[in-house]
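Student: In terms of our numbering, the sequence shown opens at residue 1 and continues consecutively.
Quick reminder that beta carbons are idealized off the backbone N, C-alpha and C, glycines included.
Handing you a structure now.
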Amino acid sequence: MENTIIQAVTNYFHVQPEKIMALGGGFYGRAFSVTLPCAPSTMIAKLYLFPNYAPGEAEQIRLLSKHSSLKMPEIYNVQEKVNSGLAYDVVFMEYLKGVNAGDFDLTGISEQAKATIGDEIVDNLIAIHNTVNPAGFGPLNATRYCQSWQEYYYPIACKIVEKAGELHTMKQLSSNVLSIFEQSIKCFDQIFYLPVTKARLIHGDYNTWNIMLNEDKTHAAAVIDPFDCCWADNEYDLYQLDNANGKSYGLLKKYAQKFPLSPNFKQKRCFYELYTEVNHYYNSHVEVNQEAVEQLAIKLRDVL
């Protein structure tokens with residue numbers, strides 16, 4: 001991957017990087033800090049393990065930046081391997097100083113700082129969700145939008161049930177989990193019985209691992225790494241608020257106080273969480289954490 005970064009830096013900046021340091025990554029990509037002998041002196045290089053994600057994430061960040069109350073990274077350059085001869089697609093973006101909000105125990109910060117950070121994280125998400133597409137639901141810049149969330153999301157959910165069946169055949173999902181998938185998709189109309197009245201902008205992966213704090217850990221400073229940002233049910237974003245250490249910040253509770261939840265939120269949340277997590281395992285070719293998925297499936301079964 002370092003060779004790809006060196007080549008991409010040479011392509012765009014016409015210099016050699018002075019230092020490359022791995023920062024980590026997730027299902028779909030790996031992030032590196034890159035030090036240059038020119039401006040910007042430090043930046044992030046994100047390498048994508050699958051095609052077509054790089055330009056999509058760059059587009060998502062640019063749009064979200066217009067509506068986010070917290071800083072998001074500036075996109076410097078996108079290079080796709082089909083056009084550049086690189087081994088991976090690469091996005092160069094602004095390096096944002098700070099501390100990852102999801103990577104530490106909150107006992108080390110004051111209750112006032114914890115409350116302030118929680119409010120700032122939630123207020124930012126609400127600012128994003130208050131961005132509405134009057135044309136309807138669907139991907140960013142779609143040629144046609146769906147007039148209801150159910151119309152857009154049901155085919156996606158059905159496809160995920162098919163993926164669950166394939167994972168079951170591969171012995172990656174238990175028969176019990178597959179049965180809950182099959183049961184829940186039959187109950188789709190009962191779970192999603194209330195209309196979603198507005199197609200709202202969502203981040204798609206809004207958890208504290210994707211929030212940066214200032215170095216004093218007193219304020220939220222920035223947001224990174226959207227995924228499948230689109231025009232959707234805003235509550236599709238919300239199960240992530242409890243991931244990592246989100247419960248310690250009280251994020252979901254704060255959100256519900258400021259932006260009332262739907263009467264069927266509990267059922268939708270369980271549905272979204274199971275379906276989205278299994279979809280990620282399938283699409284990224286990562287071995288399924290069967291114990292974790294089993295627990296998600298049981299939660300969904302219990303609310304059906």
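With a threshold of 7 Å on Cβ separation, who are the neighbours of V122 within its own chain once the five nearest residues in sequence on each side are excluded?
Tutor: Within the sequence shown, numbered from 1, the residue matching residue 122 stands at position 122. Same-chain partners within the cutoff: L251, K254, Y255, K258.
Student: Is D216 helix, strand or coil by DSSP?
Tutor: Walking along the sequence shown from the start, residue 216 turns up at place 216. D216 falls in the coil class under three-state DSSP.
Student: Below 8 Å between beta carbons: does that hold for T4 and E18?
Tutor: Counting from 1 along the sequence shown, the entry for residue 4 is found at position 4. Counting from 1 along the sequence shown, the entry for residue 18 is found at position 18. Cβ distance not < 8 Å, so T4 and E18 don't count as in contact.
Student: Taking Cβ positions, are F227 and G246 nearer each other than 8 Å?
Tutor: Here residue 227 refers to the residue found at position 227 of the sequence shown. Here residue 246 refers to the residue found at position 246 of the sequence shown. The answer is no: Cβ separation not under 8 Å.
Student: Name the DSSP beta bridge partners of A222, please?
Tutor: Start at 1 with the first residue of the sequence shown, and residue 222 comes out as number 222. For A222, which the question treats as bridged, DSSP gives the partners K71, M212.
Student: Whose C-alpha, out of F13, P260, N289, is nearest the C-alpha of S174?
Tutor: Start at 1 with the first residue of the sequence shown, and residue 174 comes out as number 174. When only C-alpha atoms are compared, the closest one is N289.
Student: Please classify S248: does DSSP put it in a helix, a strand, or coil?
Tutor: Numbered from 1 along the sequence shown, position 248 holds the residue referred to as residue 248. The answer is helix: DSSP assigns S248 an H, G or I state.
Student: So, with DSSP's three-state summary, where would you put G118?
Tutor: Counting from one through the sequence shown, the residue named residue 118 turns up at place 118. Helix, per DSSP.
Student: Alpha carbons only, please: which of D233, V91, E57, E120 is nearest the one belonging to F137?
Tutor: To locate residue 137, count along the sequence shown from 1; it is residue 137. Residue D233 is the option with its Cα nearest to F137.
Student: Please report the Cβ distance between L213 and I128, rounded to the nearest whole angstrom; I am assuming they are in contact, meaning their Cβ atoms lie under 8 Å.
Tutor: Here residue 213 refers to the residue found at position 213 of the sequence shown. Here residue 128 refers to the residue found at position 128 of the sequence shown. In fact, because the Cβ distance is near 18 Å, the residues do not count as touching under 8 Å.
Student: Check each candidate in V161, V15, E80, D103 and name the one with the smallest Cα separation from D89.
Tutor: Indexing the sequence shown from 1 puts residue 89 at position 89. It is E80 whose Cα lies nearest to the Cα of D89.
Student: Please report how far the alpha carbon of I44 lies from the alpha carbon of S68, in whole angstroms.
Tutor: In the sequence shown, residue 44 corresponds to position 44, counting from 1. In the sequence shown, residue 68 corresponds to position 68, counting from 1. Distance between the alpha carbons of I44 and S68: 20 Å.
Student: Whole-angstrom Cβ separation of Y152 and C146, contact assumed at under 8 Å?
Tutor: Residue mapping note: residue 152 aligns to position 152 of the sequence shown, counting from 1. Residue mapping note: residue 146 aligns to position 146 of the sequence shown, counting from 1. That belief holds up - the Cβ atoms of Y152 and C146 are roughly 4 Å apart, short of 8 Å.
Student: Using the C-alpha atoms, what's the distance from L47 back to D103?
Tutor: Position 103 of the sequence shown, counted from the first residue, corresponds to residue 103. Position 47 of the sequence shown, counted from the first residue, corresponds to residue 47. Taking the straight line joining both Cα atoms gives about 22 Å.
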